[in-house]
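Enquirer:
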Amino acid sequence: MSAGTNQTGGTGSGLVKWIDSRLPIFSYMQKEYAEFEAPKNFNWFWNFGAILTFMLVLMIMTGIFLAMQYTPHTGLAFDSVERIMRDVNFGWLLRYLHANGATFFFIAVYIHMFRGMYYGSYKGPRELLWMLGVVILLLMMATAFMGYVLPWGQMSFWGATVITNLFSAIPLVGDSIVTLLWGGFSVDNPTLNRFFALHYLFPFLIFGVVILHVIALHVTGSNNPLGVDPKGPQDTVPFHPYYTMKDSVGLAVFVTIMAAFVFFAPNFFGEPENYLEAAPLVTPAHIVPEWYFLPFFAILRSIDFNIWFIDAKLAGVLAMFGAIGVLFILPWLDKSPVRSAKFRPMYKWFFWILLLDCIILGYVGGKPTDDAVFAGAAWFKIIHLGYITTFWYFFHFLILLPLLGIFERPKPLPKSISEAVLGGGTSGAAATAKPMEKA
Amino acid sequence: MGIVCNLRRAAAATGLIAAAALVSTSAFAAGDAKHAEEQDWHFEGIFGTVDKASAQRGLQVYLEVCSGCHSLKQVAYRNLSDLGFTEAEIKAIAADYDVTDGPNDEGEMFERPAIASDAFVSPFPNNEAAQASNNGALPPDLSLQVKAHAGGANYIYALLSGYEDAPVGKDVPNGLSYNPFFPGELIAMPAPLAEDGVEYSDGTVASVDQMAWDVVNFMQWAAEPEMEQRKKMGFKVVLFLIILSAILYAAKRKMWSNLDH
């Protein structure tokens, strides 16, 4: 082969060209992250992809350094974490970044998902992109759950006990699955060991699926707040420097907020009881998972009745996994051809109701089911609120979304992004003639 | 081996019961206790620091009162330099306690006085011994108690200074004490502090409230020895990030100003 085969790696020194003509990583980066054309009308909610990438890297890096000091043994784990907090240089910073990092990772992923739902980013041709995102969410949940077990505090142990026991609800194979998860007949040292090994592995699986997520994104291109496809170069800007710049702003603000918690209220999102070492014979009064699992936990507990021949416990587990399952098929549940809620007068309201519903579910998940919701009305208990909000969650996805696609009358869509952005005066053709890209 | 197996089975069974309780009905709430009042602590706020004089007195309360039953396993004597103790003072404090070391050249374990690098010596060799000496109740390790309760320092201060006579009609079983701040109101720990229970070398009057205050300041430091470094660093980091965000935002505005968007 002659040197002339290098068609793409036009820039760079001789060495870069030499490498690029054999392994086109430079031209790939140039094409996918620099020249990549993105709609020019992103709002600040489009920052969260970059923020999530940063968080994943931060979690992996702090995690690797923590793993160098951590001991996965029931007799030593709790003390090894305290040793990190007290005797390892900046160990407290690593651990608080990692613990609060998990919280902020989930804050970012939930904003990212609700953004996708508001602007219809899951609709064709982005179905696979969305589904890969749901896979990432599932992997994140598994990783976070196993990570929470590692400090071997009271909530680590009892949270692990409660959640792993859920699998015993599965008919026929349930008990075998639980034994396999535990590596024995209760949550014990083998459990801690395998959770540590898997907690180390899963972030790299996430990394792999993130790569697929980005590949899929770069095939379809990004959605945008209007939900109409870019019609030409007048509707887009190169990703670099415009969105690398804008993402930097959003990331800096996000990290500022996270840092405020890490340094001034590092245990705000944590459960105090996890600072007590695990005691298998002392059951805490109130076992709660981490805040980011509370809505799912609420759905699990809300099914406390048998459904036909399905026993309540199994039904609860199915409902909990079903809550994520409906997200998988969301692209086919939502029948409306219009993406953005901006042009969907009814869906817009139901979106906000769903968001509120999820927040209430989170509240329900954190409270004992027998508590009264309002001080004055003892008959209205948390469990009742759980019934209502759980029902609404599934009603929204399974009934409302398909019906809205039929009965909702969307507002007229703008012809193009430029037309909407510039006030609607110019037609698409006129806009094309204008020199949009001065940079 | 049989006992271990039984224990494991018991643990698995309690786990199943707990899971069932959570999934089907509810966890019971231990929330009938009196709410601890907010106190004005020196360590609070983003510029909060350890009240060293109080924490030093708190160490004295811990050593003379609490350490009879409660361990402080996560803290080493050398850490006391944070509170302003000199190297000689730390060596003297440590030397009052014996630790088991070894094995020596002959393969024997031996006792020696503790040194600065040792962790605080525990009153009991293990949890079982601690329970055997305390009516079956386990006095918790004090290293992390401030972080391990939702009420934090306020709760522990209220608990230590809040012992009172049980109200009429409240049945207090033998071996338990009444404390309105403790979940369930019946606590295995008898009122630990009594007027002038210690003699402070700095002349501070050792009232129950004062001793409770001092020992909570000490326990707060023991739970978060990194606090001062963390907050100092945090102030700089957050200030830097705010300025960075502002600069990036200005740069973004400038860059985007030549686009119609």
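Sequence order for the protein chains is Y and G. Those letters in the first sequence? Residues 1 to 439, by the working numbering. Those letters in the second sequence? Residues 1001 to 1261, by the working numbering. All C-beta atoms, glycine included, are put in the ideal place defined by N, C-alpha and C.
1) With residue 216 of chain Y as the anchor, note down where its alpha helix (DSSP H) starts and where it stops.
2) I'd like the span of the alpha helix (DSSP H) that includes residue 367 of chain Y, first residue to last.
3) By the DSSP assignment, the beta strand (DSSP E) with residue 1101 of chain G in it spans what residues?
4) Near residue 182 of chain Y, what residues of its chain come up, given a Cβ to Cβ distance below 8 Å and the 5 sequence neighbours on each side ignored?
5) Thinking just about the alpha-carbon of each residue, which of Y:298, Y:243, Y:53, Y:120 is nearest to the one in residue 255 of chain Y?
6) Rounded to a whole number of angstroms, what is the C-alpha to C-alpha distance between residue 1251 of chain G and residue 382 of chain Y?
7) According to a CB-to-CB cut-off of less than 8 Å, which residues of the segment 239 to 269 of chain Y neighbour chain G?
8) Could you check whether residue 114 of chain Y and residue 292 of chain Y sit closer than 8 Å to each other, using their CB atoms as the reference points?
9) Is there a Cβ from chain G that is less than 8 Å from the Cβ of residue 8 of chain Y?
10) Could you tell me the alpha carbon to alpha carbon distance between residue 1141 of chain G and residue 1070 of chain G, rounded to whole angstroms?
11) On the CB-based measure, 16 or more other CB atoms within 10 Å of its CB, does residue 294 of chain Y come out buried or exposed?
12) Residue 1248 of chain G to residue 250 of chain Y, Cα distance in whole Å?
13) Counting pairs of beta carbons, one from the segment 86 to 98 of chain Y and one from the segment 190 to 207 of chain Y, are three or more of them closer than 8 Å?
14) Does DSSP classify residue 1023 of chain G as helix, strand or coil?
15) Under 8 Å, with one C-beta from each stretch per pair, do the segment 1045 to 1053 of chain G and the segment 1228 to 1244 of chain G reach the 3-pair mark?
16) If I follow the unbroken beta strand (DSSP E) through residue 1113 of chain G, where does it start and stop?
17) Helix or strand or just coil, what does DSSP make of residue 1172 of chain G?
18) Threshold first: 4 residues or longer. Then list the alpha helix (DSSP H) segments lying entirely within the segment 8 to 82 of chain Y, N to C.
19) Could you check the C-alpha separation between residue 1040 of chain G and residue 1053 of chain G for me, to the nearest Å?
20) Quick check on residue 276 of chain Y - is its C-beta less than 8 Å from some C-beta in chain G?
21) Using a threshold of 8 Å, state whether the C-beta atoms of residue 1147 of chain G and residue 272 of chain Y are closer than that.
22) Which residues in chain Y sit within 7 Å of residue 1242 of chain G, going by Cβ to Cβ distance?
23) Taking the continuous beta strand (DSSP E) assigned at residue 381 of chain Y, which residues delimit it?
24) If I'm right that residue 338 of chain Y touches residue 401 of chain Y with Cβ under 8 Å, what's the distance once you round it to whole angstroms?
25) With residue 1098 of chain G and residue 1111 of chain G assumed to form a contact (beta carbons below 8 Å), what rounded beta-carbon distance in angstroms separates them?
26) Work out the CA separation of residue 1105 of chain G and residue 1221 of chain G for me, nearest whole Å.
27) Using a C-beta to C-beta distance shorter than 7 Å, which residues of chain Y count as neighbours of residue 1233 of chain G?
28) Report the three-state DSSP secondary structure of residue 244 of chain Y (helix, strand or coil).
29) Report the residue from G:1234, G:1172, G:1107, G:1059 whose alpha carbon sits nearest the alpha carbon of residue 1185 of chain G.
30) For residue 101 of chain Y and residue 55 of chain Y, I'd like the C-alpha separation in whole angstroms.
31) On the three-pair Cβ rule with 8 Å, is the segment 405 to 420 of chain Y touching the segment 338 to 355 of chain Y?
32) Do residue 121 of chain Y and residue 235 of chain Y count as a contact pair if the criterion is CB distance below 8 Å?
33) With 8 Å as the threshold, decide whether the Cβ of residue 1147 of chain G is near any Cβ in chain Y.
34) Going by alpha carbons, who is nearest to residue 1081 of chain G out of G:1161, G:1168, G:1117?
35) Are the CB atoms of residue 204 of chain Y and residue 150 of chain Y nearer to each other than 8 Å?
36) So residue 284 of chain Y packs on residue 154 of chain Y, CB below 8 Å; how close in whole Å?
Expert: On the basis of the coordinates in this document:
1) As a working note, residue 216 of chain Y is residue 216 in the first sequence. That run of the alpha helix (DSSP H) goes 189 to 220.
2) Here residue 367 of chain Y corresponds to residue number 367 of the first sequence, with the count starting at 1. Looking at the DSSP string, residue 367 of chain Y is not in any alpha helix (DSSP H), and its letter there is neither H nor E.
3) In the second sequence, the residue the question calls residue 1101 of chain G occupies position 101. Residues 1098 to 1101.
4) Here residue 182 of chain Y corresponds to residue number 182 of the first sequence, with the count starting at 1. Excluding residues within five positions, the ones whose Cβ falls inside 8 Å are 164, 188, 190, 191.
5) On the first sequence, position 255 is the one that residue 255 of chain Y refers to. Among Y:298, Y:243, Y:53, Y:120, the Cα nearest to that of residue 255 of chain Y belongs to Y:53.
6) On the second sequence, residue 1251 of chain G is found 251 positions in, with the first residue counted as 1. On the first sequence, residue 382 of chain Y is found 382 positions in, with the first residue counted as 1. Linking residue 1251 of chain G to residue 382 of chain Y through their CA atoms gives a straight-line distance of about 49 Å.
7) 241, 242, 245, 246, 248, 249, 252, 253, 255, 256, 259, 260, 262, 263, 264, 266, 267
8) Within the first sequence, residue 292 of chain Y is the residue found at index 292, counting from 1. Within the first sequence, residue 114 of chain Y is the residue found at index 114, counting from 1. Against a cut-off of 8 Å, the Cβ pair of residue 114 of chain Y and residue 292 of chain Y comes out as no contact.
9) Indexing the first sequence from 1 puts residue 8 of chain Y at position 8. Model confidence at residue 8 of chain Y stands at a pLDDT of 49, short of 50, so the residue's coordinates are unreliable; what they give is reported in the following sentence. No, because no Cβ of chain G sits closer than 8 Å to the Cβ of residue 8 of chain Y.
10) Sequence index remark: in the second sequence, residue 1141 of chain G carries index 141 (1-based). Sequence index remark: in the second sequence, residue 1070 of chain G carries index 70 (1-based). Taking the straight line from one Cα to the other gives about 6 Å.
11) Here residue 294 of chain Y corresponds to residue number 294 of the first sequence, with the count starting at 1. The residue is buried, with at least 16 neighbouring Cβ atoms inside 10 Å.
12) Looking up residue 1248 of chain G in the second sequence gives position 248. Looking up residue 250 of chain Y in the first sequence gives position 250. Each residue's alpha carbon lies about 9 Å from the other.
13) no
14) Position 23 of the second sequence, counting from 1, holds the residue named residue 1023 of chain G. Confidence in residue 1023 of chain G is poor, its pLDDT being 40 and thus under 50, which makes the residue's placement unreliable; the coordinate value appears in the next sentence. Looking at residue 1023 of chain G - three-state DSSP - the assignment turns out to be helix.
15) In this structure the segment 1045 to 1053 of chain G lies against the segment 1228 to 1244 of chain G, because at least three pairs of beta carbons, one per stretch, are closer than 8 Å.
16) Residue mapping note: residue 1113 of chain G aligns to position 113 of the second sequence, counting from 1. Run containing residue 1113 of chain G: 1110 to 1113, per the beta strand (DSSP E) assignment.
17) Walking along the second sequence from the start, residue 1172 of chain G turns up at place 172. In this structure, residue 1172 of chain G counts as coil in the three-state DSSP scheme.
18) 14 to 22, 25 to 29, 48 to 67
19) Here the question's residue 1040 of chain G lines up with position 40 in the second sequence. Here the question's residue 1053 of chain G lines up with position 53 in the second sequence. In a straight line, the C-alpha of residue 1040 of chain G is about 16 Å away from that of residue 1053 of chain G.
20) Residue numbering aside, residue 276 of chain Y sits at position 276 when the first sequence is read from its first letter. The beta carbon of residue 276 of chain Y falls within 8 Å of a beta carbon belonging to chain G, placing the residue at that interface.
21) Along the second sequence, one-based indexing puts residue 1147 of chain G at 147. Along the first sequence, one-based indexing puts residue 272 of chain Y at 272. In contact: residue 1147 of chain G and residue 272 of chain Y (Cβ atoms closer than 8 Å).
22) Locating residue 1242 of chain G in the second sequence gives position 242, counting from the first residue. Correct list: 256.
23) Counting from one through the first sequence, the residue named residue 381 of chain Y turns up at place 381. Where residue 381 of chain Y is concerned, the enclosing beta strand (DSSP E) stretches over 377 to 381.
24) The residue given as residue 338 of chain Y occupies position 338 in the first sequence. The residue given as residue 401 of chain Y occupies position 401 in the first sequence. So it is not a contact: roughly 13 Å between Cβ atoms.
25) By one-based count along the second sequence, residue 1098 of chain G stands at place 98. By one-based count along the second sequence, residue 1111 of chain G stands at place 111. Yes, residue 1098 of chain G and residue 1111 of chain G are in contact; Cβ-Cβ is about 5 Å, under 8 Å.
26) Here the question's residue 1221 of chain G lines up with position 221 in the second sequence. Here the question's residue 1105 of chain G lines up with position 105 in the second sequence. Those two C-alpha atoms are separated by around 39 Å.
27) Along the second sequence, read from residue 1 onward, the residue named residue 1233 of chain G stands at position 233. In chain order: 263.
28) Position 244 of the first sequence, counted from the start, is the residue given in the question as residue 244 of chain Y. If DSSP states are grouped into helix, strand and coil, residue 244 of chain Y belongs with the helices.
29) Counted from its first residue, the second sequence places residue 1185 of chain G at position 185. Cα-wise, what sits closest to residue 1185 of chain G is G:1172.
30) Taking the first sequence and counting its residues from 1, the one referred to as residue 101 of chain Y is at position 101. Taking the first sequence and counting its residues from 1, the one referred to as residue 55 of chain Y is at position 55. Residue 101 of chain Y and residue 55 of chain Y: Cα-Cα distance of roughly 7 Å.
31) At 8 Å Cβ cutoff, the stretches touch.
32) As a working note, residue 235 of chain Y is residue 235 in the first sequence. As a working note, residue 121 of chain Y is residue 121 in the first sequence. No, these two residues do not count as a Cβ contact at 8 Å.
33) Indexing the second sequence from 1 puts residue 1147 of chain G at position 147. Yes, its Cβ sits closer than 8 Å to a Cβ of chain Y.
34) Here residue 1081 of chain G refers to the residue found at position 81 of the second sequence. Selected option, being the one with the closest Cα: G:1117.
35) Here residue 204 of chain Y refers to the residue found at position 204 of the first sequence. Here residue 150 of chain Y refers to the residue found at position 150 of the first sequence. The answer is no: Cβ separation not under 8 Å.
36) By one-based count along the first sequence, residue 284 of chain Y stands at place 284. By one-based count along the first sequence, residue 154 of chain Y stands at place 154. About 5 Å separates the beta carbons of residue 284 of chain Y and residue 154 of chain Y, which is inside the 8 Å limit, making them a contact pair.
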